[in-house]
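*Asks:*
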Amino acid sequence: MKTKYFFVLIAAFVMGTQVMNAQRQEQGKRPQGHRRMTLEQMTEMQANKIIGELGLDDKTAAKFTDVYKKYMKELDDLRKKNMPKKPDMKPEDGKAPAMPTDAEVDKMMRNRFKQSRETLDIREKYYDEFRKFLSPKQVQKVYDQGQMNQGKFFKEMNRRAGMKPQGSHPMPQGPGAQKK
Numbered sequence: 001m002k003t004k005y006f007f008v009l010i011a012a013f014v015m016g017t018q019v020m021n022a023q024r025q026e027q028g029k030r031p032q033g034h035r036r037m038t039l040e041q042m043t044e045m046q047a048n049k050i051i052g053e054l055g056l057d058d059k060t061a062a063k064f065t066d067v068y069k070k071y072m073k074e075l076d077d078l079r080k081k082n083m084p085k086k087p088d089m090k091p092e093d094g095k096a097p098a099m100p101t102d103a104e105v106d107k108m109m110r111n112r113f114k115q116s117r118e119t120l121d122i123r124e125k126y127y128d129e130f131r132k133f134l135s136p137k138q139v140q141k142v143y144d145q146g147q148m149n150q151g152k153f154f155k156e157m158n159r160r161a162g163m164k165p166q167g168s169h170p171m172p173q174g175p176g177a178q179k180k
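Sequential numbering from 1 applies to the sequence shown in the working numbering.
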């Protein structure tokens, strides 16, 4: 008699998890007719948010929006141009993908440095453009907002990939680390 109840309980548990899994998958789907936002739409939203935070008048807001869109477009073009190719994660022979050689790592690092310099050049160029109608403090807020958005983007990507957020590691414990 006890085994009968045990099997009924197991069956109910299995069916419940299947229902929950199906609901979770349904929640992950987008409603019909819902599309992802384009880069232009996201840029427009970001520009409007910054305009609100800076309290710009209509004339300045129009200038800002035009320059901001060009700025974001140049940064996006640079990212796309320098986007590394993803390695094939499923080799045909069933072995794990090979580790990059020192020469490949050296090339990747040099490309990163080059991209950082190009990004800095774009930021400097647009600093001068923004300064034509914004104060230095306002331009700093624009750039800070961009850095914050980039951080949110990477956190979301890591969350979707199942990774732990950066900085969530426990504090080191040892003879040199003291608790306060």
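For every residue, glycine included, the Cβ atom is placed at its ideal position computed from N, Cα and C.
All values reported here derive from a predicted model rather than from experimental measurement.
Look at the Cβ atom of Val-142, then the Cβ atom of Ile-50, and state whether they are nearer than 8 Å.
*Replies:* Locating residue 142 in the sequence shown gives position 142, where the first residue counts as 1. Locating residue 50 in the sequence shown gives position 50, where the first residue counts as 1. Yes. Within cutoff.
*Asks:* Assuming Ala-47 and Thr-60 make a contact with CB atoms under 8 Å, what is their CB distance in whole Å?
*Replies:* Within the sequence shown, the letter at position 47 stands for residue 47. Within the sequence shown, the letter at position 60 stands for residue 60. The pair is not a contact, with the Cβ atoms about 12 Å apart (cut-off 8 Å).
*Asks:* How is Ala-181 classed by DSSP in three states: helix, strand or coil?
*Replies:* Limits of the chain in this structure are 1 at one end and 180 at the other, which puts residue 181 out of reach.
*Asks:* Check the C-beta distance from Thr-119 over to Leu-75 and give it rounded, since I have them as a contact under 8 Å.
*Replies:* For the purposes of this step, residue 119 is taken as the residue at position 119 of the sequence shown. For the purposes of this step, residue 75 is taken as the residue at position 75 of the sequence shown. Going by Cβ atoms, the distance from Thr-119 to Leu-75 rounds to 7 Å, so yes, they are a contact pair.
*Asks:* Taking the C-alpha atoms as reference points, what is the distance between Met-42 and Tyr-5?
*Replies:* Residue mapping note: residue 42 aligns to position 42 of the sequence shown, counting from 1. Residue mapping note: residue 5 aligns to position 5 of the sequence shown, counting from 1. So the two alpha carbons sit approximately 55 Å from each other.
*Asks:* How would you write the range of the alpha helix (DSSP H) that Thr-119 sits in, first residue to last?
*Replies:* The residue labelled residue 119 in the question sits at position 119 within the sequence shown. Its alpha helix (DSSP H) spans residues 102-130.
*Asks:* Between Lys-70, Ala-11, Thr-17, Phe-7, which lies nearest to Ile-122 when the distance is taken from Cα to Cα?
*Replies:* Counted from its first residue, the sequence shown places residue 122 at position 122. For Ile-122, the nearest C-alpha among the options comes from Lys-70.
*Asks:* Here's the rule: buried if 16 or more other CB atoms are within 10 angstroms of the residue's CB, otherwise exposed. What is Phe-190?
*Replies:* Residue coverage of the chain in this structure runs from 1 to 180, which leaves residue 190 outside it and unanswerable.
*Asks:* I need the straight-line Cα distance from Val-67 to Thr-101, nearest angstrom please.
*Replies:* As a first step, residue 67 must be located in the sequence shown, where it is residue number 67. As a first step, residue 101 must be located in the sequence shown, where it is residue number 101. Using only the alpha carbons, I get a separation of about 42 Å.
*Asks:* Am I right that Gln-18 and Leu-78 are in contact with their C-beta atoms under 8 Å? What's the rounded C-beta distance?
*Replies:* As a working note, residue 18 is residue 18 in the sequence shown. As a working note, residue 78 is residue 78 in the sequence shown. Actually they do not touch by this definition, with Cβ atoms about 47 Å apart.
*Asks:* Rounded to the nearest angstrom, how far is the Cβ of Phe-181 from that of Lys-63, given a contact under 8 Å?
*Replies:* Outside the modelled stretch of the chain, which goes from 1 to 180, sits residue 181, for which no answer is possible.
*Asks:* DSSP on Asn-82, reduced to helix/strand/coil?
*Replies:* Working through the sequence shown from its first residue, we reach residue 82 at position 82. Assigned with DSSP and collapsed to three states, Asn-82 falls in coil, not helix or strand.
*Asks:* In the structure shown, what three-state DSSP assignment does Leu-39 receive?
*Replies:* On the sequence shown, residue 39 is found 39 positions in, with the first residue counted as 1. Helix, per DSSP.
*Asks:* Can you list, in chain order, the residues of its chain with a C-beta nearer than 7 Å to that of Asn-82? Leave out the 5 residues immediately preceding and following it.
*Replies:* Position 82 of the sequence shown, counted from the first residue, corresponds to residue 82. Closer than 7 Å at the Cβ level, and outside the excluded window around Asn-82, lie Asn-111, Gln-115.
*Asks:* Taking the alpha-carbon positions, what's the Arg-159 to Met-148 distance?
*Replies:* Residue 159 sits at position 159 when you count from the first residue of the sequence shown. Residue 148 sits at position 148 when you count from the first residue of the sequence shown. Those two C-alpha atoms are separated by around 16 Å.
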